[in-house]
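Taking full-length UniProt numbering, I'd label the letters of the sequence shown as residues 1 to 816.
Ideal placement from N, C-alpha and C gives every residue a C-beta, glycine not left out.
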Amino acid sequence: MAGLSLYFEDGHDDLDDFGFDDYGTECDGIRITAFLDAGQDNLTPLGRLEKYAFSENVFNRQIVARGLLDVLREFSDNENDFISVMETVARMSEDGEPTVRAELMEQIPNIAMFLHESRPNFPAAFSRYLVPIVVRYLTDPNNQVRKTSQAALLVLLEQGLISKADMETKVCPVLLDLTEPSSDDDYKIEAVAIMCKVVTMLSKDTVEHLLLPRFCELCSDARLFQVRKVCAANFGEFCSIVGQEATEKLLMPKFFDLCSDSLWGIRKACAECFMMVSNSTSPEVRRSKLSPLFISLISDQSRWVRQAAFQSLGRFISTFANPSTTGLHFREDGALLEVPRCTSDRLRNVLLLSCPHSLRRNAYVSSRDGRATPSPEHVSTADSEELHNFDNSHTLVPEEMHGSFTHTNSSDSPTATNNAKNTKEAEQTDENFNSFHYWRSPLPDISGELEMLSCQKMEEDTQVEYLLSFCTELACRFSFACNSPPSMEEEGKDDSPHSPLSEDKPKVQNVIPQQLLDQYLSMTDPARAQTVDTEIAKHCAFSLPGVALTLGRQNWHCLKDTYETLATDVQWKVRRTLAFSIHELAVILGDQLTAADLVPIFNGFLKDLDEVRIGVLKHLYDFLKLLHADKRREYLYQLQEFMVTDNSRNWRFRYELAEQLILIIELYSHYDVYDYLREIALTLCSDKVSEVRWISYKLVVEILQKLYACGADDLGLNFINELTVRFCHCPKWVGRQAFAFICQAVVEEDCMPMEQFSQHLLPSLLSLSSDPVANVRVLVAKALRQSVFILHQEKVQGIIVKLSAFGFTKLTNSMA
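Dropping the structure here:
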């Protein structure tokens, strides 16, 4: 602001008129506040400000507006002068030239920040002088001035400089006036956009009482599709702010209307914000209302709407996740929080309590191999037919769902009466199908089998997975039948009993509506790439960990085939996406399913393109630590393969390998580290790229620390001798510098006993004190500066003298 180069071809009188008498036209930098300097007019600084702020020359007024921040700094010490300047600013805001007003508005955020930091009475001055300018410029006839004021308003809100009172009494009323039905179209479109941006920075009460009613009206604006499109694009933000109750009562009917709008761009915007809307609704509404609505978007006639819907499908499915099993919880504002996860005992109790009483007693019979098989009567054909009959008579169609939202405010309407009647019928249905009426009796006595089961020793993870599997399989038909109408194919499947742990399980579950899962599984269909999006498989791969987390490991059989299909996709971008997230999926599935289903795919990624292998390499430690020790040890033989890349110039690949090896060391025994990782570390230490070499030196230090921490002094000594031969006596100075750095790191990290260091490493380090290369001697001095010389004061003092002779006075003084 203080240095501004001005160039003029003609009219040098303008410079004199502006107060630049003391500067020539060839001056490179001119202070903007130069007009305040004493000149020939014998005016005070405030008088000169007044003169040039209202000069007939537009250029003068522009310069004053541009330099207002510096002007305020000049007069901020005196209260009277400060008030005079602020009043001048208020008068300048009424300038008839749009460029002057735009220039003034650009300075408002900077002036506000300055006043906030330096003025004790900032709120009063800002509210009295500057806020009215910002608000008035929102209705300025010039487009540039309006755009500038909108940007300034957002900046002021982000910085928290506008008070709640000013927002409610000054800003919001103007936005409401501009969005009136009778308002100018351009003003209205701009006001809707700024209102949707402002809403994320306001409190829930302010939005709900001032802006929400108008937003609902704008969503139904039949004349301007631009208004509806802006509302659709920002619908999720409003839902996140106002919370669940207002979303379901006021916003959901509008959302249904927007999702069925005649313009595909509006429907596409609804599909893109579907996850945020879903986060703000109850699980019942999410399952019964939003799911059919989303299915309609996936089946939209417009390809762009279908594309957006499929891209949002995985995120929408993730909103069905149960916090008690996933450890994740969505707040009303849409933020994702981590909640404490249940212990194995608590999870077992929750599962048992969530099952009907008769299921807990007689749901399964233990076989000799430890697997559970359901009681025959629980999978009988008669039960399946009863469930389908129940479903066909209680399924709610989308039109009825839309009606239930649009009439929520009419408690006395026939719809409300029908809803109450349906509620009573549902309660009666629940009573008829409870654990005492629905499940058949008499039940077989399986006390002997239960006693045998109690005698078997099972691991906690196996028991949890066991209970999850049997509860889900037995309850899936009932829950699925209550939520979606079955197809003929599914009815045929239910007619024949099957074991829940059979290898060919039906892709049926009860966590999310089955139609959503079917649509998600269809994303790998080649026909989808032709009719929807060529990168639809990539979107499917990107969201798969979230879908797997939502369904849980007990429903992994639903996703297994899809995951294998994606892992062999011809597009390397799809495989790369899976490679970057395979460690997250391993955490979700657990060690048993990981070893059975993910390890083969992981092995395939190891032999893939470098673009795919880098995804595996970046999380190699995270994946290996989830495997059993014997399975993990098999990868020791394959680590060397990461040294070979498609492009030798891809040094970042080797750098990432060194970083992962530093972490992997803790997963293996000191014998394995010495036999396998040592050679890789030494090879990386000789890499052509310095970044790779420096990170590899740290790897060497970690290996030494591992060996000595495990008491393998003989292996540590062998490694030290190898380092000495390879680096300390290296003919290249880079090798000798590496040895000095390793010694320094060994001392800093306290990797080995100081007696061992002084006996095996210190003599070689001291021999480098007279190295002809200065870079080597610098690292030697840094290494000796550590605690080494405490144990060997006499030897180090002699080295200090030698280093001083080479001119390292600063280092030697700090060492002494």
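* **Nearest candidate by alpha-carbon position, reference D630, set A191, D672 and P213** => In the sequence shown, counting from the first residue as 1, residue 630 sits at position 630. If we check each option's Cα against that of D630, D672 comes out closest.
* To do: Reducing DSSP to helix, strand and coil, say where Y697 ends up.
  => As a working note, residue 697 is residue 697 in the sequence shown. In the structure shown, Y697 sits in a helix (DSSP, three-state: H, G or I).
* To do: Helix, strand or coil for L202, going by three-state DSSP, please let me know.
  => As a position in the sequence shown, residue 202 is number 202, starting the count at 1. Of the three classes helix, strand and coil, the one that applies to L202 here is coil, per DSSP.
* **Nonlocal neighbours in the same chain, by C-beta distance under 8 Å from S163, ignoring five residues either side** => For the purposes of this step, residue 163 is taken as residue 163 along the sequence shown, with counting starting at 1. Closer than 8 Å at Cβ, skipping near neighbours: P123 and S127.
* Sort A738, R136 and D95 by Cα distance to L684 and report the nearest one. => Counting from 1 along the sequence shown, the entry for residue 684 is found at position 684. For the residues A738, R136 and D95, the minimum Cα distance to L684 belongs to A738.
* **Short Cβ contact (7 Å threshold) for residue 829 with F542** => Only positions 1 to 816 of the chain appear in this structure, which leaves residue 829 out of reach.
* Same chain, Cβ closer than 7 Å to R146, neighbours up to 5 away in sequence not counted -> Locating residue 146 in the sequence shown gives position 146, counting from the first residue. Result list for R146: Y137, L138, D140 and E190, in chain order.
* Can the beta-carbon of D646 be found closer than 7 Å to that of D608? -> As a working mapping, residue 646 is identified with position 646 in the sequence shown. As a working mapping, residue 608 is identified with position 608 in the sequence shown. No.
* P753 to S669 span [Cα, whole Å] -> As a working note, residue 753 is residue 753 in the sequence shown. As a working note, residue 669 is residue 669 in the sequence shown. Cα to Cα, P753 sits roughly 20 Å from S669.
* **Sub-7 Å separation of L784 and A740 beta-carbons** => Taking the first residue of the sequence shown as 1, we reach residue 784 at position 784. Taking the first residue of the sequence shown as 1, we reach residue 740 at position 740. Not closer than 7 Å, so no.
* Where do the ends of the alpha helix (DSSP H) carrying Y676 lie? -> Position 676 of the sequence shown holds residue 676. Unbroken run through Y676: none, as it is neither H nor E.
* Counting along the chain, where does the alpha helix (DSSP H) carrying G590 start and finish? -> Along the sequence shown, one-based indexing puts residue 590 at 590. It spans W572 to L593 - the alpha helix (DSSP H) in which G590 sits, taken as one unbroken run.
* Report buried or exposed for K732, applying the criterion of at least 16 other Cβ atoms within 10 angstroms of its Cβ. => As a working mapping, residue 732 is identified with position 732 in the sequence shown. The residue is exposed, with fewer than 16 neighbouring Cβ atoms inside 10 Å.
* Can you tell which of V198, L175 and N78 has the C-alpha that lies nearest to the C-alpha of L46? -> Reading the sequence shown from its first residue, position 46 is the one you call residue 46. Here the closest residue by C-alpha is N78.
* Asked: Under the rule that 16 or more other beta-carbon atoms within 10 Å means buried, what is K268, buried or exposed?
  -> For the purposes of this step, residue 268 is taken as residue 268 along the sequence shown, with counting starting at 1. K268 is buried by the Cβ-count criterion.
* To do: Return the first residue and the last residue of the alpha helix (DSSP H) that L153 is part of.
  => Translated into the one-based positions of the sequence shown, residue 153 becomes position 153. Per DSSP, L153 belongs to the alpha helix (DSSP H) from N143 to E158.
* Could you give the DSSP three-state label for F320: helix, strand or coil? => Translated into the one-based positions of the sequence shown, residue 320 becomes position 320. Three-state result, F320: coil.
* To do: Have a look at A529 and K538 and give me their C-alpha separation to the nearest angstrom.
  => Position 529 of the sequence shown, counted from the first residue, corresponds to residue 529. Position 538 of the sequence shown, counted from the first residue, corresponds to residue 538. The straight-line gap from Cα to Cα measures roughly 10 Å.
* Asked: Starting from V720 and walking both ways along the alpha helix (DSSP H), at which residues does that stretch end?
  -> Indexing the sequence shown from 1 puts residue 720 at position 720. Per the sequence shown, the amino acid found at residue 720 is Ile instead of Val. Looking at the DSSP string, the run of the alpha helix (DSSP H) that includes I720 is D713 to L723.
* Asked: For S203, which of V242, L559, F54 and E158 has the nearest alpha-carbon?
  -> For the purposes of this step, residue 203 is taken as the residue at position 203 of the sequence shown. Per the Cα distances, V242.
* Identify every run of the alpha helix (DSSP H) within the stretch 62-102, keeping only runs that are complete inside it and at least 4 residues long; order them along the chain. => 68-75 and 79-92
* Same chain, Cβ closer than 8 Å to D166, neighbours up to 5 away in sequence not counted -> Working through the sequence shown from its first residue, we reach residue 166 at position 166. Counting only Cβ-Cβ distances below 8 Å, and skipping sequence neighbours, we find S127 and V131.
* Any contact of the stretch 227-234 with the stretch 174-193, i.e. 3+ C-beta pairs under 8 Å? -> yes
* Roughly how many whole angstroms lie between the Cα atoms of A420 and A112? -> By one-based count along the sequence shown, residue 420 stands at place 420. By one-based count along the sequence shown, residue 112 stands at place 112. Its pLDDT being 43, under 50, A420 is placed unreliably by the model, and nothing is read from it.
* Best match in E106, T200, T531 and V207 for proximity to Q307 [C-alpha to C-alpha] -> As a working note, residue 307 is residue 307 in the sequence shown. It is T531.
* **Integer-rounded CB distance, given that L293 should sit under 8 Å from A309** => As a first step, residue 309 must be located in the sequence shown, where it is residue number 309. As a first step, residue 293 must be located in the sequence shown, where it is residue number 293. Contact flag wrong, Cβ pair sits at about 10 Å.
* Under 7 Å between C-beta atoms of L559 and V511 -> Residue mapping note: residue 559 aligns to position 559 of the sequence shown, counting from 1. Residue mapping note: residue 511 aligns to position 511 of the sequence shown, counting from 1. No.
* To do: Within the same chain, show all residues whose beta-carbon is closer than 8 Å to that of E168, passing over the 5 residues directly before and after it, in chain order.
  => One-based indexing of the sequence shown puts residue 168 at position 168. The residues are T206 and L210.
* To do: Could you check which residue in A745, V174, V612 and Q660 has the C-alpha nearest to that of Y621?
  => One-based indexing of the sequence shown puts residue 621 at position 621. For Y621, the nearest C-alpha among the options comes from Q660.
* To do: Out of I742, R736 and Q759, state which residue places its alpha-carbon closest to the alpha-carbon of V773.
  => The residue you call residue 773 lines up with position 773 of the sequence shown. Considering only alpha carbons, the answer is R736.
* Helix, strand or coil at Q509 [DSSP, three-state] -> Locating residue 509 in the sequence shown gives position 509, where the first residue counts as 1. It is coil, neither helix nor strand.
* Below 8 Å CB to CB, which residues in the same chain sit around L624 once its five sequence neighbours on both sides are set aside? => Residue 624 sits at position 624 when you count from the first residue of the sequence shown. R632, Y635, I664 and L667, listed in sequence order.
* Asked: DSSP on Q311, reduced to helix/strand/coil?
  -> The residue you call residue 311 lines up with position 311 of the sequence shown. Q311: helix per DSSP, three-state reduction.
* Asked: In three-state DSSP terms, what is F739?
  -> The count along the sequence shown starts at 1 and reaches residue 739 at position 739. If DSSP states are grouped into helix, strand and coil, F739 belongs with the helices.
* In terms of residues, what are the limits of the alpha helix (DSSP H) holding N603? -> Along the sequence shown, one-based indexing puts residue 603 at 603. Residues V599 to L606.
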